[in-house]
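Step one of this worksheet: look at the structure below.
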Amino acid sequence: MSKPIHFPPDFLWGSATSAYQIEGAPLADGAGHSIWTRFAATPGKIANGDTGDIACDHYHRWREDVALMRSLGLKAYRFSVSWSRILPQGTGAVNEAGIAFYEKLIDELLANGIEPMLTLYHWDLPAALDDRGGWLNPAIADWFADYARVLFERFDGRVCFWTTLNEPWVVTDGGYLHGPLAPGHRNLYEAPIASHNLLRAHGAAVKVYREIGKHRIGLVVNIEPKYPASDEPQDIAATRRADAYMNRQYLDPVFHGHYPAELKEIFGAAWPDWPREDFDLIGQKLDYIGINYYTRSVCRHEETNWPLKVAAVRQTQSTHMETGWEVFPQGLTDTLVEFRRRYGDLPVYVMENGSTFYDPPNAEDGQMHDPLRVDCLKKNLHALHAAIEQGVDLRGYMVWSLLDNLEWSLGFAKRFGIVHVNFETQQRTPKDSALLYAQVVASNGACLNDPA
Ligand code: PNW
């Protein structure tokens, strides 16, 4: 029997979204193209030909969506800003209409007692910067810091939680190494450069924040704990490579001042020698770390898998999500405890955690039963609590996602929301998982002690 659930008194319960996935109207009011508006316009890149042109129409329904958060009792809302709404060309002239949209949203959140948590970059790079090399151009550290400065100057104080980047691993792995995400490159030589420039950009923005910001800034990474499929040395080595590539590639430079040695093994001739001084920029002190957790992976050596030589072993006895991800709540505890062991005692926020299971496109009579998501959420919250019991300085939890939304290249069919969206009518319907989450928030987790 584990101990009764009891979360810290100021625990920040909230939900998360990102700009391109929910806003719609990506070119409204003077905004520029992003790599995602272009990617979506390219046939075959997003399932079903879906695009973010309308998405959840949040650009027009933000007030209703804040009211929805309030009705669920949420204490925080993690969202991202679209860089190309603020700077249509990526650098230079500020588009005041873009600022105004986020200003209204932030003020509405505050008026409803909801803490805004702002992410500067959730994957929608201005297309004008992609034309100049995007994350491959070292100048992007300055471009990003200049963009960050604009938002710090306008919003610091009203926004007390800042995040530089969401999941640099996904940006590089999906955008530059394997190519399912914008800008869709598939290039072993580009991937390390993009990663390194993401880290330099992160560091440059934190440096600017220390000059002018007065609150908290951090980085958000996705962690997928890796477990060996056997105790064969080859499988153990494969697990180490997978862990280095996905979980340590960004955290080691930020907290330890160097990359994991395995990256050279993985990238071979494509792995550059980095200038020593870059690590001073990258290693800026952070106020918190944000961790996104969805699943684990069980690893075995597989000679033919490029470039890591690792294969994931499907756990046939487990429940799997629509994305094929295994439901594995223990991995959330392991991730948080392992973060503390490796990198020390820093305030931690789970900035995304959630699941996708099939829900029908229409919610009848105001209800949507989602028993698998409810079950997964409960188990994840128990696992979250176990990490606190084991000494992790956990400060908050953001469920992914508030709304069903554009799941990137998988389109609208993969629903992660605790609130159902009918994409024809834009009707929002809280699913059973949202009703459960509202009880969790209202009782600060105590309702999780109730049987069933
Ligand atoms: C996150 N992986 O992406 C993103 O931050 C969200 O925008 C996204 O909608 C959500 O998770 C659900 O997919 C990830 O392969 C994408 O490990 C891929 C991975 C992890 C996170």
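For the sequence shown, the residue numbers in our numbering are 791 to 1242. Note that CB positions come from ideal geometry on N, CA and C, so glycine has one too. All of these numbers come straight from a predicted model, not from anything done at the bench.
- For residue 1145, the shortest separation between its Cβ and any heavy atom of the ligand PNW does not lie below 6 Å.
- For residue 1170, the shortest separation between its Cβ and any heavy atom of the ligand PNW does not lie below 6 Å.
- In the DSSP assignment, residue 971 falls outside any beta strand (DSSP E) and carries neither an H nor an E.
- The C-alpha of residue 909 is placed about 18 Å away from the C-alpha of residue 884.
- Inter-segment contact for the segment 1042-1058 and the segment 1015-1026 is absent: fewer than three beta-carbon pairs are separated by less than 8 Å.
- The C-beta of residue 886 has fewer than 16 other C-beta atoms within 10 Å across all chains shown, which makes the residue exposed.
- Shown here for residue 896: same chain residues with a beta carbon closer than 7 Å to its own, the five before and five after excluded, namely 906, 945, 948 and 949 in chain order.
- Residue nearest to residue 966 within the set 986, 952, 951 and 1164 is 986 (criterion: CA-CA distance).
- Cα atoms of residue 1075 and residue 998: separation of roughly 12 Å, rounded to the nearest angstrom.
- For the 7 Å CB-CB criterion, residue 804 and residue 867 form a contact.
- Comparing alpha-carbon positions, the option among 830, 816, 873 and 859 lying closest to residue 850 turns out to be 816.
- With a minimum length of 3 residues, the unbroken runs of beta strand (DSSP E) contained wholly in the segment 1101-1146 fall at 1138-1143.
- Relative to the ligand PNW, even the nearest heavy atom lies 6 Å or more away from the CB of residue 1239.
- Checking the DSSP bridge columns, you'll see residue 867 partnered with 805 and 906.
- Scanning its chain for C-beta atoms nearer than 8 Å, with the 5 sequence neighbours on each side dropped, one finds around residue 1004 the residues 946 and 947, in chain order.
- A residue is called buried when at least 16 other Cβ atoms come within 10 angstroms of its Cβ; residue 1148 does not meet this threshold and is exposed.
- Boundaries for residue 951: no alpha helix (DSSP H) harbours it, while the beta strand (DSSP E) harbouring it runs 951-956, taken from the DSSP string.
- The C-beta distance from residue 1016 to residue 1108 rounds to 16 Å, too long to meet the 8 Å contact threshold.
- Proximity of the segment 1175-1184 to the segment 821-840 falls short of the contact definition, fewer than three beta-carbon pairs being nearer than 8 Å.
- Runs of alpha helix (DSSP H) with 4 or more residues, each lying fully within the segment 795-858, are found at 809-812 and 825-830, listed in chain order.
- When DSSP states are grouped into helix, strand and coil, residue 862 belongs to the coil group.
- Using a 10 angstroms sphere on the CB of residue 836, the tally of other CB atoms reaches 16 or more, which defines it as buried.
- For residue 1234, the shortest C-beta to heavy atom distance toward the ligand PNW is 6 Å or greater.
- For residue 933, there is no enclosing beta strand (DSSP E); the enclosing alpha helix (DSSP H) covers residues 930-945.
- For residue 1095, the shortest C-beta to heavy atom distance toward the ligand PNW is 6 Å or greater.
- Under DSSP, residue 1210 forms a beta bridge with 1219.
- Comparing alpha-carbon positions, the option among 1072, 928, 1220 and 1146 lying closest to residue 1156 turns out to be 1220.
- Residue 1159 is classed as exposed because its beta carbon has fewer than 16 other beta carbons within 10 Å across all chains shown.
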